[in-house]
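Following: one structure in structure tokens, then a few remarks.
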Amino acid sequence: MPKLSINMVVFHEKEMKYIAYLFDSLKKQTFQDFEMLLVDNSDAGSSIIKMVEEKAKELGNPYKIIKSNGNVGFAAGHNSGYKEAKTPFVLLLNPDMYLLPDVLSRMVDVLESNSKAASVSTRLMRWDFEKVEKSSKDSVEEQAREGFTNQVDAIGIRLLRNRRAVEWFAQELWDKGEETPPMLGNILDKQILEVFGVSGALAMYRKEVADTILLPGDNLFDPTYHSYKEDLDLAYRLRNAGYTSYVVLDSIAYHDRTAAAPKGLSDLKAAMNKGKQSEYVKFHSYKNHLRTLYKNEYWQNFFWDFPWIVWFELKKFAYMLFIHPVILWKSVREIVKDWKYTRSARRQIVEDRKLYWKGLRRWF
Numbered sequence: 001m002p003k004l005s006i007n008m009v010v011f012h013e014k015e016m017k018y019i020a021y022l023f024d025s026l027k028k029q030t031f032q033d034f035e036m037l038l039v040d041n042s043d044a045g046s047s048i049i050k051m052v053e054e055k056a057k058e059l060g061n062p063y064k065i066i067k068s069n070g071n072v073g074f075a076a077g078h079n080s081g082y083k084e085a086k087t088p089f090v091l092l093l094n095p096d097m098y099l100l101p102d103v104l105s106r107m108v109d110v111l112e113s114n115s116k117a118a119s120v121s122t123r124l125m126r127w128d129f130e131k132v133e134k135s136s137k138d139s140v141e142e143q144a145r146e147g148f149t150n151q152v153d154a155i156g157i158r159l160l161r162n163r164r165a166v167e168w169f170a171q172e173l174w175d176k177g178e179e180t181p182p183m184l185g186n187i188l189d190k191q192i193l194e195v196f197g198v199s200g201a202l203a204m205y206r207k208e209v210a211d212t213i214l215l216p217g218d219n220l221f222d223p224t225y226h227s228y229k230e231d232l233d234l235a236y237r238l239r240n241a242g243y244t245s246y247v248v249l250d251s252i253a254y255h256d257r258t259a260a261a262p263k264g265l266s267d268l269k270a271a272m273n274k275g276k277q278s279e280y281v282k283f284h285s286y287k288n289h290l291r292t293l294y295k296n297e298y299w300q301n302f303f304w305d306f307p308w309i310v311w312f313e314l315k316k317f318a319y320m321l322f323i324h325p326v327i328l329w330k331s332v333r334e335i336v337k338d339w340k341y342t343r344s345a346r347r348q349i350v351e352d353r354k355l356y357w358k359g360l361r362r363w364f
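First residue of the sequence shown: 1, per full-length UniProt numbering; consecutive thereafter.
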């Protein structure tokens, strides 16, 4: 049996432009003891899964196609793949990635060397895919490198005291310039960094640990989420159960993110970034944020941070009410519709907790 299952969900032909580059990077990995579980969320007649299967055959590692009933979403799609995995480690991988050769080996090393580590990722940097598409280079790797940037995509998930979750250091430059934020400057020379949780774009989990914090229906992710914030929800659950998460800073994967996080932590920048997002992203992000807060928050921590949390939520509610009332209504309706599952999920999360409430406070 392989040591690692790489789970990838595909759903639309627009992802086809990434596939050759992704599989080129997988072929060049120094760690090759893996299988691939490929979840097909595409509609009937789509050619994306055919292309993915062709590349999987060329790669030569064991693989399996798992067919969904249409686009059931990122969360439910990965739940299907996770239930098929029998390996010690499971990697959730987005199609829009290019991994440098040591990425898999470095992540596996972290999980094998630290028994309390439940999840790990590498430093994610922005991949300017427009430059890749315009490249005149001959090889796939050379074309991919044309889009490499020195701009951070994500270094794990950071929680603020108001419970706003951000992709840490998004859009900051990875260098020691005059405008480098002090917190970023302090980690530039580190090899590994403990974080609250890892980004779902490239997340490796220790399966025996993840199996202990599954939601009702033996789901890794909340299936009612569809997309967005499911990685945050899982990060909370792993933390509440007493486990740790890490980012390998000197190993890099490049990511062409669809909904990029804002640069900086101010609410104004967050609102400006929200205005650039599609209605799809706004809808799933808003409702899933509220669900995540309800399911995972300790009442003691909510009490201590009540003013910050409520003020932030009131501002978000007002923004949605006056700018996007239709999305707000859809979000409320969706939360009510799935309330039974959300409530049972919270009960399961509370039952699985092993960390005292004060143990989370260092992350706010």
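In this text, a Cβ means the ideal position worked out from N, Cα and C, and glycines have one as well. The structure presented is a predicted model; accordingly, all values stated were derived computationally and were not measured.
Check whether residue i and residue j have beta carbons under 8 Å apart
i	j	result
aspartate 153	alanine 170	yes
glycine 81	valine 39	yes
arginine 237	asparagine 301	no
alanine 345	arginine 206	no
alanine 253	isoleucine 157	no
alanine 20	lysine 55	yes
threonine 122	arginine 106	yes
valine 103	serine 5	no
arginine 353	asparagine 240	yes
methionine 204	valine 120	yes
glycine 147	lysine 131	yes
glycine 242	leucine 59	no
serine 47	glutamate 13	yes
Per-residue DSSP class, three states only, for residue i
i	result
arginine 123	strand
valine 350	helix
arginine 362	helix
histidine 324	coil
isoleucine 335	helix
isoleucine 252	strand
threonine 244	strand
residue 365	There is no way to answer for residue 365, as the model of the chain reaches only from 1 to 364.
arginine 343	helix
alanine 203	strand
glutamate 208	helix
alanine 235	helix
leucine 173	strand
isoleucine 187	coil
valine 166	strand
glutamate 297	coil
glutamate 313	helix
leucine 214	coil
valine 281	helix
glutamate 178	coil
leucine 290	helix
heavy atom of the ligand NAP below 7 Å from residue i C-beta
i	result
leucine 159	This structure lacks the ligand NAP; in fact it carries no ligand of any kind.
Rounded distance between the beta-carbons of residue j and residue i, thought under 8 Å
i	j	result
asparagine 61	phenylalanine 31	That pair is no contact at about 11 Å.
valine 247	valine 198	7 Å
leucine 160	phenylalanine 364	7 Å
serine 251	leucine 100	7 Å
aspartate 24	glutamate 141	6 Å
serine 245	valine 195	5 Å
tyrosine 18	aspartate 128	Contact doesn't hold; Cβ gap of about 13 Å is too wide.
Chain-order list of residues whose beta-carbon lies under 6 Å from that of residue i (same chain, five-residue window excluded)
i	result
serine 227	Gly73, Phe74 and His284
valine 257	According to the sequence provided, residue 257 is arginine. The question's valine does not apply to it. Same-chain partners within the cutoff: Asp153.
asparagine 94	Ala201
tryptophan 357	Tyr298, Gln300 and Asn301
isoleucine 187	Leu193
Nonlocal neighbours in the same chain, by C-beta distance under 7 Å from residue i, ignoring five residues either side
i	result
isoleucine 65	Leu38, Asp40, Ile49 and Glu53
asparagine 79	Asn219, Leu220, Phe221 and Pro223
lysine 28	Pro101
tyrosine 63	Glu35, Met36, Leu38 and Ala56
lysine 83	Asp218
glutamate 279	Ile327
Contacts around residue i, its chain only, beta-carbon distance under 8 Å, and the 5 residues preceding and following it disregarded
i	result
aspartate 233	Phe221, Asp222, Tyr225, Asn288, Arg291, Thr292, Lys295 and Asn296
phenylalanine 312	Asn162, Arg163, Arg164 and Asp267
glutamine 151	Met125, Arg126, Gln171, Glu172, Leu173 and Trp174
proline 211	At residue 211 the sequence reads aspartate, which differs from the proline that was named. Closer than 8 Å at Cβ, skipping near neighbours: no residue.
tyrosine 286	Lys316, Met320, Ile327, Leu328 and Ser331
valine 108	Lys3, Leu4, Phe31, Phe89 and Met204
proline 216	Tyr341, Ser344, Ala345 and Gln348
glutamine 191	Val248, Leu249 and Asp250
Neighbour flag for residue i against chain B, beta carbons, 8 Å
i	result
threonine 292	Note that chain B does not occur in the displayed structure, where there is just one protein chain.
Could I get the ranges of all uninterrupted alpha helix (DSSP H) runs contained in the UniProt domain "Glycosyltransferase 2-like" (6-163), with 4 residues as the minimum, in chain order?
-> 16-27, 48-59, 74-84, 103-113, 129-134 and 140-146
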